[in-house]
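Asks:
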Amino acid sequence: MTLKGHNTSPTAVCRALRRTSSPVLLMLLGGPRRSVIGSEDFAKSERSNFFGRHLARLLRRSSAVSVGTEQPSHAPVQSSRGGSASATSLRRTSGRTEIAGIGAVDPEISFNMHKSHRFAVCTRNGARLGNEDRFRAIDNLDLYGRGLLEVAPRAVPSFFGDLLKQRVLENFVVEGRAPALKVRNLLKHLRVNEDTQFFGVYDGHGGARASSLLALLFPVYILAAPEYKSDLAGACHSASMAINEEILKREKDGHCEGGATAVTLLIRGNTFVLSNTGDCRAIMVAKRDKVAQVTQLTTDHKASNDQEKQRIEENGGMVLYVKGVARVNGRLAVARAFGDAELSQLVIADPEVTVHELHREDEYIVMASDGLWDVLSNEQVASCIRNNPWLNVQEMANMLADRAVELSTLDNVTVMVVDVRGRVS
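The sequence shown maps to residues 122 to 546 in our numbering.
(1) Can you have a look at His480 and say buried or exposed, based on whether 16 or more other CB atoms are within 10 angstroms of its CB?
(2) Given a threshold of 16 other Cβ atoms within 10 Å of its Cβ, counted over all protein chains shown, does Tyr342 qualify as buried or as exposed?
(3) Are the region 394-411 and the region 487-496 in contact at 8 Å, needing three or more beta carbon pairs?
(4) Buried or exposed: Ser160, going by 16 or more other Cβ atoms within 10 Å of its Cβ?
(5) Residues in its own chain within less than 6 Å of Thr416 by CB, not counting five upstream and five downstream?
(6) Count the other C-beta atoms from every protein chain shown that fall within 10 angstroms of the C-beta of Ala248, then say buried if there are 16 or more, exposed otherwise.
(7) Taking the straight line between their C-alpha atoms, what separation do you get for Glu348 and Ala356?
(8) Can you give the Cα-Cα distance for Cys505 and Asp374, rounded to whole angstroms?
(9) Under DSSP, the beta strand (DSSP E) around Asp260 begins and ends at which residues?
(10) Between the C-alpha atoms of Arg542 and Asn397, what's the straight-line distance to the nearest angstrom?
(11) Looking at C-alpha atoms only, which residue of Asp427, Glu484 and Ala522 is the closest neighbour of Val65?
(12) Which of the three DSSP states, helix, strand or coil, is assigned to Asp324?
(13) Okay, do the region 325-337 and the region 431-443 touch, 3+ Cβ pairs below 8 Å being the bar?
(14) Helix, strand or coil for Lys423, going by three-state DSSP, please let me know.
(15) Contact check, Glu366 vs Glu372 under 8 Å by CB: the rounded distance?
(16) Between the region 255-262 and the region 493-502, do at least 3 Cβ pairs fall closer than 8 Å?
(17) What span of residues does the alpha helix (DSSP H) with Gln515 cover, start to end?
(18) Which stretch, first to last residue, makes up the alpha helix (DSSP H) that contains Arg330?
(19) Indicate whether the contact test is met: 3 or more Cβ pairs, each with one atom in the region 507-519 and one in the region 419-428, closer than 8 Å.
(20) Since Gly492 is in the alpha helix (DSSP H), which residue starts that stretch and which ends it?
(21) Can you give me the start and stop residues for the alpha helix (DSSP H) that Leu369 sits inside?
(22) Can the beta-carbon of His326 be found closer than 8 Å to that of Ala383?
(23) With a threshold of 16 other CB atoms inside 10 Å of the CB of Asp471, please say whether the residue is buried or exposed.
(24) Does DSSP classify Arg457 as helix, strand or coil?
(25) Please report the straight-line C-alpha distance between Leu250 and Asp532, rounded to a whole angstrom.
(26) Leu387 and Leu353 look like a contact to me (Cβ under 8 Å); what is the Cβ gap, rounded to whole Å?
(27) Buried or exposed, going by whether 16 or more other CB atoms sit within 10 Å of the CB of Glu527?
(28) Alpha carbon to alpha carbon, how far is Val188 from Asn246?
(29) Beta-carbon within less than 8 Å of Asn391's beta-carbon, same chain only, minus the 5 sequence neighbours each way: which residues are those?
(30) Could you check how far apart the C-beta atoms of Ala518 and Val538 are, in whole angstroms? I think they sit under 8 Å.
(31) Buried or exposed, going by whether 16 or more other CB atoms sit within 10 Å of the CB of Gly445?
(32) Could you check which residue in Glu429, Asp523, Gln318 and Asn233 has the C-alpha nearest to that of Leu395?
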């Protein structure tokens with residue numbers, strides 16, 4: 122039987138439907154096939170598929186069905202860790218994405234495929250049309266820095282920081298371009314003793330420019346800090362203050378707007394450093410004495426925080442409650458953030474930097490924007506992870522972000538899960 126000159130046999134309908142990206146249809150039709158459409162194996166499995174056979178029969182009987190010539194599929198691009206790019210669950214070890222018109226940047230860079238399975242991130246819009254959250258994950262910050270240098274094979278400098286500032290930062294910051302990661306040059310300089318991992322979640326407000334700049338600049342500024350080799354905490358503080366100056370300068374010139382909060386994690390050996398500005402949060406999920414434990418590792422710098430409120434009032438500001446939410450001068454709900462030039466005397470970028478030791482019982486570090494913490498407590502997040510031990514880190518991140526959306530979070534939500542099991546012998 123044909124309709125409008127097109128073949129509407131059950132086989133043809135099933136073939137056409139398999140080209141769609143609908144997970145429901147794929148489930149009904151038995152899932153995606155590895156065999157070539159039209160092969161004998163495919164035909165046999167198709168005939169044995171009850172749902173597929175009857176769905177095709179129903180469609181064939183409908184006068185509204187018209188299966189035409191093959192059209193290009195518009196299915197979302199699948200990430201290599203599962204999920205779709207439209208859901209922004211990303212695992213990018215190559216390729217670049219545009220960040221708010223600032224330039225191309227790799228949100229995730231992995232030099233070791235084994236390590237790449239030990240961290241994952243998922244971001245959702247929540248109830249908002251756009252997503253102002255940004256993130257960055259680099260599993261070897263030292264190799265990343267060497268790649269940025271683009272030096273000749275025989276010219277590996279001892280004055281690493283100075284050359285990085287000279288050859289990367291000046292042009293990079295002024296022109297607003299992400300420096301190229303030259304893999305060929307990088308492979309010639311793999312003799313690096315240090316192994317520092319970098320993870321960051323950045324929550325923008327009033328636009329995504331500030332959060333984009335944080336994701337772009339934070340790794341480079343930490344590398345360029347004089348304290349980087351000996352004092353990671355000091356490097357985080359120096360980088361935070363320098364980046365805030367850059368953002369404020371851009372706001373003054375009209376090239377940036379709004380602000381952003383940030384939580385950044387650096388892991389080196391058995392030590393990890395957290396730098397927190399604003400209301401993003403990090404927690405540790407552990408199992409001690411066979412009992413699951415959760416520890417909040419950062420402080421929420423909200424206007425409702427008593428210490429922050431006192432500091433704001435001492436500097437001539439005030440905290441007003443608008444629809445039940447404490448806000449600085451009745452405007453901003455966070456007491457610390459990058460940017461926000463109009464409130465920069467009250468809303469400061471000074472980070473809370475803490476140094477921690479990893480223990481054998483530690484399992485996962487979860488970092489997320491406030492879109493998660495507004496609807497889920499630390500204990501609920503830890504329970505989601507501990508009650509689903511068969512999930513990998515990507516599935517954990519997806520589950521938490523999806524759960525926040527189900528609970529009607531009003532903000533963007535970005536969740537990063539870092540697996541720290543087995544780092545301490």
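Using N, Cα and C, we set each Cβ at its ideal position, and we do this for glycine too. A quick note: this is a predicted structure, and the numbers were derived from the prediction, not measured.
Replies: Inspection of the coordinates gives the following:
(1) Here residue 480 corresponds to residue number 359 of the sequence shown, with the count starting at 1. Looking at its Cβ environment, which holds fewer than 16 other Cβ atoms inside 10 Å, His480 is exposed.
(2) As a working note, residue 342 is residue 221 in the sequence shown. The residue in question, Tyr342, is buried, as its Cβ has 16 or more Cβ neighbours within 10 Å.
(3) They touch, by the three-pair rule.
(4) Within the sequence shown, numbered from 1, the residue matching residue 160 stands at position 39. Note on Ser160: pLDDT 38, under 50, position unreliable in the model; the coordinate value appears next. Around the CB of Ser160, fewer than 16 other CB atoms lie within 10 Å, so the residue is classed as exposed.
(5) Position 295 of the sequence shown, counting from 1, holds the residue named residue 416. Sequence-distant partners of Thr416 (beyond 5 residues in either direction) whose C-beta falls short of 6 Å from its own C-beta, in its chain, are Met405.
(6) Along the sequence shown, read from residue 1 onward, the residue named residue 248 stands at position 127. Result: exposed.
(7) For the purposes of this step, residue 348 is taken as the residue at position 227 of the sequence shown. For the purposes of this step, residue 356 is taken as the residue at position 235 of the sequence shown. Using only the alpha carbons, I get a separation of about 5 Å.
(8) Start at 1 with the first residue of the sequence shown, and residue 505 comes out as number 384. Start at 1 with the first residue of the sequence shown, and residue 374 comes out as number 253. Rounded to whole angstroms, Cys505 to Asp374 spans 45 Å at the Cα level.
(9) In the sequence shown, residue 260 corresponds to position 139, counting from 1. Element bounds for Asp260: n/a, residue is neither H nor E.
(10) Numbered from 1 along the sequence shown, position 421 holds the residue referred to as residue 542. Numbered from 1 along the sequence shown, position 276 holds the residue referred to as residue 397. Going by the C-alpha atoms only, they are around 23 Å apart.
(11) As shown, the chain starts at 122 and ends at 546. That puts residue 65 outside it, with no answer to give.
(12) Sequence index remark: in the sequence shown, residue 324 carries index 203 (1-based). It is a strand residue.
(13) At 8 Å Cβ cutoff, the stretches do not touch.
(14) On the sequence shown, residue 423 is found 302 positions in, with the first residue counted as 1. Here Lys423 sits in strand by DSSP.
(15) As a first step, residue 366 must be located in the sequence shown, where it is residue number 245. As a first step, residue 372 must be located in the sequence shown, where it is residue number 251. That pair is no contact at about 11 Å.
(16) Segments in contact, no.
(17) In the sequence shown, counting from the first residue as 1, residue 515 sits at position 394. In this chain, the alpha helix (DSSP H) harbouring Gln515 covers Val514 to Glu527.
(18) As a first step, residue 330 must be located in the sequence shown, where it is residue number 209. Element bounds for Arg330: Arg330 to Ala345.
(19) The answer is no - the region 419-428 does not touch the region 507-519, with fewer than three Cβ pairs under 8 Å.
(20) Start at 1 with the first residue of the sequence shown, and residue 492 comes out as number 371. Taken as a continuous stretch (DSSP letters only), the alpha helix (DSSP H) holding Gly492 covers Asp491 to Trp494.
(21) By 1-based counting over the sequence shown, the position of residue 369 is 248. According to the DSSP assignment, Leu369 belongs to the alpha helix (DSSP H) that extends over Leu353 to Lys373.
(22) Within the sequence shown, numbered from 1, the residue matching residue 326 stands at position 205. Within the sequence shown, numbered from 1, the residue matching residue 383 stands at position 262. In this structure, Ala383 does not lie closer than 8 Å to His326 by Cβ.
(23) Taking the first residue of the sequence shown as 1, we reach residue 471 at position 350. Around the Cβ of Asp471, a 10 Å sphere holds fewer than 16 other Cβ atoms; the residue is exposed.
(24) Position 336 of the sequence shown, counting from 1, holds the residue named residue 457. DSSP places Arg457 in strand when its eight states are reduced to three.
(25) Looking up residue 250 in the sequence shown gives position 129. Looking up residue 532 in the sequence shown gives position 411. Rounded to the nearest angstrom, the two C-alpha atoms are 10 Å apart.
(26) Stepping through the sequence shown from its first residue, residue 387 is reached at position 266. Stepping through the sequence shown from its first residue, residue 353 is reached at position 232. Taking the Cβ atoms as the reference, Leu387 lies roughly 5 Å from Leu353, within the contact range of under 8 Å.
(27) Taking the sequence shown and counting its residues from 1, one reaches residue 527 at position 406. By the neighbour-count rule (16 or more Cβ atoms within 10 Å), Glu527 is not buried but exposed.
(28) Here the question's residue 188 lines up with position 67 in the sequence shown. Here the question's residue 246 lines up with position 125 in the sequence shown. Low confidence applies here, because Val188 scores a pLDDT of 29, under 50, leaving its location unreliable; read the following figure in that light. If I take the Cα positions, the gap works out to 34 Å.
(29) As a position in the sequence shown, residue 391 is number 270, starting the count at 1. Non-local C-beta neighbours of Asn391 in its own chain, meaning closer than 8 Å and more than five positions away in sequence, comprise Glu478, Leu479, Arg544 and Val545, ordered along the chain.
(30) To locate residue 518, count along the sequence shown from 1; it is residue 397. To locate residue 538, count along the sequence shown from 1; it is residue 417. The Cβ separation is near 5 Å, so the contact holds.
(31) Mapped onto the sequence shown, residue 445 falls at position 324. Exposed, by the Cβ-count rule.
(32) Residue numbering aside, residue 395 sits at position 274 when the sequence shown is read from its first letter. Comparing Cα-Cα distances from Leu395 to each of Glu429, Asp523, Gln318 and Asn233, the minimum goes to Gln318.
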